[in-house]
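K.L.:
All residue numbers in the sequence shown are consecutive under full-length UniProt numbering, ending with 304.
We put the CB at the ideal spot given by N, CA and C, even for glycine.
Starting off with a structure, shown below.
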Amino acid sequence: MENNMNRLDRQSFLGPDSDTLLHECTVGLVGLGGGGSHVVQQLAHLGVGGYVLVDPDRIDFSNTNRLVGGTLADVEAQALKVSIAERVIRGVQPEARIISVADTWLEATDDLKRCDVIVGAVDSYKERDQLEGFARRHLIPYVDMGMDVTDLGNNGFLISGQVISSLPGGPCLRCCGLVTDARLEMEAQAYGVAGGRPQVVWSNGVLASTAAGLVVQLITPWFPSSPEFVYLEYDGNKGIVRPHGQMGLLKGRKCPHHPAEETGDPLFDIRKHLARLESRSKVAEVERVPLWRRLISFFRNDCS
Ligand SMILES: [Zn+2]
1 MENNMNRLDR
11 QSFLGPDSDT
21 LLHECTVGLV
31 GLGGGGSHVV
41 QQLAHLGVGG
51 YVLVDPDRID
61 FSNTNRLVGG
71 TLADVEAQAL
81 KVSIAERVIR
91 GVQPEARIIS
101 VADTWLEATD
111 DLKRCDVIVG
121 AVDSYKERDQ
131 LEGFARRHLI
141 PYVDMGMDVT
151 DLGNNGFLIS
161 GQVISSLPGG
171 PCLRCCGLVT
181 DARLEMEAQA
191 YGVAGGRPQV
201 VWSNGVLAST
211 AAGLVVQLIT
221 PWFPSSPEFV
231 YLEYDGNKGI
241 VRPHGQMGLL
251 KGRKCPHHPA
261 EETGDPLFDI
271 RKHLARLESR
281 SKVAEVERVP
291 LWRRLISFFR
301 NDCS
């Protein structure tokens with residue numbers, strides 16, 4: 001523990017209890033590609049203790065231009081992206097609490113709903129719309145990040161992106177105009193036609209660093225009056241991250257898209273909940289037996 005405290009000494013300005021707060025919180029990360037792999041790495045260095053890692057994909061050669069932590073040996077082994085992320089975390093925090101789900105986030109909802117914050121680094125508007133809806137329903141702050149490259153014809157290309165901190169009750173991705181029915185429709189029409197979106201490592205890094213900062217701001221705000229709703233835009237051609245115009249306009253507005261009556265888990269089953277509590281208390285009972293007594297018991301059973 002002392003080593004841990006020393007390791008984090010230089011970030012003690014985050015607050016007197018920041019080490020404990022970061023250690024005890026659990027962050028859900030959906031999407032561990034170019035953006036998500038950066039966020040994982042930073043949260044591990046920061047001392048975040050718990051992770052729910054979700055990505056169904058395995059690394060391939062074309063990911064090695066941007067997937068932080070991914071190696072050619074991983075490509076050879078066709079490693080899961082969640083496994084690469086887990087290795088990156090354990091490199092600085094061997095004892096981290098990690099749940100890895102190599103599937104879509106819809107298969108990880110039981111684990112995600114216990115997170116303190118969810119970070120979405122996913123490609124499609126549909127997925128981020130649904131993921132935000134899930135986070136709202138369970139009253140979990142959601143941080144969304146995304147980047148884009150636009151062909152400007154004779155003027156080359158524009159690298160852009162955004163990071164949004166979406167809190168229950170406050171403005172959402174639809175309020176921001178990021179998710180719209182028109183975009184969802186266009187995406188649905190183009191499904192299966194479009195290839196992978198262009199991405200580069202440095203702009204993913206800027207957006208991921210911004211997202212990691214927002215996660216820390218939610219857990220252990222290091223300055224007074226930190227804003228609850230944050231909408232930052234990135235102009236990669238100018239090298240600027242700044243508040244989006246909508247951030248000021250939407251400040252203090254209530255979101256009409258995720259009403260209060262749509263909170264709570266519609267699939268909550270008290271029997272499953274009680275069964276889980278019971279199994280946890282059994283585990284706790286086992287853990288309360290002193291180690292020497294468990295060893296004696298083990299050898300007795302083994303020899304009999
Ligand atoms: Zn809204």
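Below 7 Å, is the gap between the Cβ of Arg137 and the nearest heavy atom of ligand 1?
P.N.:
Not under cutoff, so the answer is no.
K.L.:
So Arg242 is in the alpha helix (DSSP H); what residue range does that whole segment cover?
P.N.:
No alpha helix (DSSP H) holds Arg242; the beta strand (DSSP E) holding it covers 240–243.
K.L.:
Quick check: what's the CA-CA separation for Val119 versus Ala208?
P.N.:
Looking at the two C-alpha atoms, the distance is approximately 10 Å.
K.L.:
State the Cα-Cα distance for the pair Ala102 and Leu32, rounded to the nearest angstrom.
P.N.:
Going from the Cα of Ala102 to the Cα of Leu32 covers about 10 Å.
K.L.:
Leaving aside the five residues before and after Leu173 along the sequence, list all residues of the same chain whose C-beta is less than 7 Å from its C-beta, in chain order.
P.N.:
For Leu173, where only same-chain residues beyond five positions count, the Cβ hits under 7 Å are Arg128, Asp129, Glu132, Asp144, Ile164, Ser166, Val179.
K.L.:
Please classify Val193: does DSSP put it in a helix, a strand, or coil?
P.N.:
Note that Val193 scores a pLDDT of 49, beneath 50, so its modelled location is shaky and nothing firm can be said.
K.L.:
So within the stretch 85–118, which uninterrupted beta strand (DSSP E) runs reach at least 3 residues, ignoring any that extend past its ends?
P.N.:
Those beta strand (DSSP E) runs which fall completely within the stretch 85–118 and span 3+ residues are 97–101.
K.L.:
Pop quiz: Leu67 and Gly34 are said to be a contact at Cβ under 8 Å. What is the actual Cβ separation, rounded to whole angstroms?
P.N.:
That belief holds up - the Cβ atoms of Leu67 and Gly34 are roughly 6 Å apart, short of 8 Å.
K.L.:
Just verifying my parser: in three-state terms, what is the DSSP assignment at Gly133?
P.N.:
DSSP places Gly133 in helix when its eight states are reduced to three.
K.L.:
By the three-class DSSP mapping on this structure, what secondary structure does Glu261 have?
P.N.:
Here Glu261 sits in helix by DSSP.
K.L.:
For ligand 1, I want to know if Pro171 counts as a neighbour, meaning its beta carbon is within less than 7 Å of at least one of the ligand's heavy atoms.
P.N.:
It does: the Cβ of Pro171 is within 7 Å (strictly closer) of some heavy atom of ligand 1.
K.L.:
Am I right that Gly49 and Glu24 are in contact with their C-beta atoms under 8 Å? What's the rounded C-beta distance?
P.N.:
Contact holds; Cβ gap of about 6 Å.
K.L.:
Which first and last residues belong to the beta strand (DSSP E) in which Gln162 is found?
P.N.:
From DSSP, the beta strand (DSSP E) with Gln162 extends over 157–166.
K.L.:
Where does Lys254 land, buried or exposed, given buried means 16+ other C-beta within 10 angstroms?
P.N.:
Exposed, because fewer than 16 other Cβ atoms sit within 10 Å of the Cβ of Lys254.
K.L.:
So is Phe223 buried or exposed if we call it buried at 16+ other beta carbons inside 10 Å?
P.N.:
By the neighbour-count rule (16 or more Cβ atoms within 10 Å), Phe223 is not buried but exposed.
K.L.:
Helix, strand or coil for Cys303, going by three-state DSSP, please let me know.
P.N.:
Reliability fails at Cys303, whose pLDDT of 46 lies under 50, so the model's placement of it is uncertain and no value is given.
K.L.:
Would you say Arg174 touches ligand 1, meaning its beta carbon is less than 7 Å from a heavy atom?
P.N.:
Checking every heavy atom of ligand 1 against the Cβ of Arg174, one is found closer than 7 Å.
K.L.:
Count the CB pairs spanning the stretch 205–221 and the stretch 36–48 that are closer than 8 Å, and state whether there are at least three.
P.N.:
Counting Cβ pairs under 8 Å, three or more are found: they touch.
K.L.:
Is it buried or exposed for Gly252, if we count other Cβ within 10 angstroms and need 16 for buried?
P.N.:
Flag for Gly252 reads exposed.
K.L.:
When you compare only the Cα positions, how much space is there between Arg7 and Ile240?
P.N.:
So the alpha carbons of these two residues sit roughly 31 Å apart.
K.L.:
Evaluate contact between the stretch 111–118 and the stretch 42–60, counting only Cβ atoms and requiring at least three cross-stretch pairs below 8 Å.
P.N.:
At 8 Å Cβ cutoff, the stretches touch.
K.L.:
I'd like to confirm something about His244: is its beta-carbon nearer than 7 Å to some heavy atom of ligand 1, or not?
P.N.:
Not so, every heavy atom of ligand 1 lies at least 7 Å from the Cβ.
K.L.:
For Val201, report the span of its alpha helix (DSSP H) as first-last.
P.N.:
Where Val201 is concerned, the enclosing alpha helix (DSSP H) stretches over 201–219.
K.L.:
Could you check which residue in Pro243, Gly169, Glu278 has the C-alpha nearest to that of His138?
P.N.:
When only C-alpha atoms are compared, the closest one is Gly169.
K.L.:
May I ask you to report which of helix, strand or coil DSSP gives Leu267?
P.N.:
Coil at Leu267, not helix or strand.
K.L.:
With a threshold of 16 other CB atoms inside 10 Å of the CB of residue 305, please say whether the residue is buried or exposed.
P.N.:
It is not possible to answer for residue 305, since the shown part of the chain is limited to 1 through 304.
K.L.:
Taking only three categories from DSSP, how would you classify Val20?
P.N.:
First, the amino acid is wrong: residue 20 is Thr here, not Val. Three-state result, Thr20: helix.
K.L.:
Could you tell me whether any non-hydrogen atom of ligand 1 is closer than 7 Å to the CB of Pro256?
P.N.:
True, at least one ligand heavy atom lies under 7 Å from that Cβ.
K.L.:
If contacts are defined as beta-carbon pairs under 8 Å, then Phe157 and Asp151 qualify, I think. What distance do you get, rounded to the angstrom?
P.N.:
Between Asp151 and Phe157 the Cβ distance is about 6 Å, and since that is below 8 Å, they are a contact.
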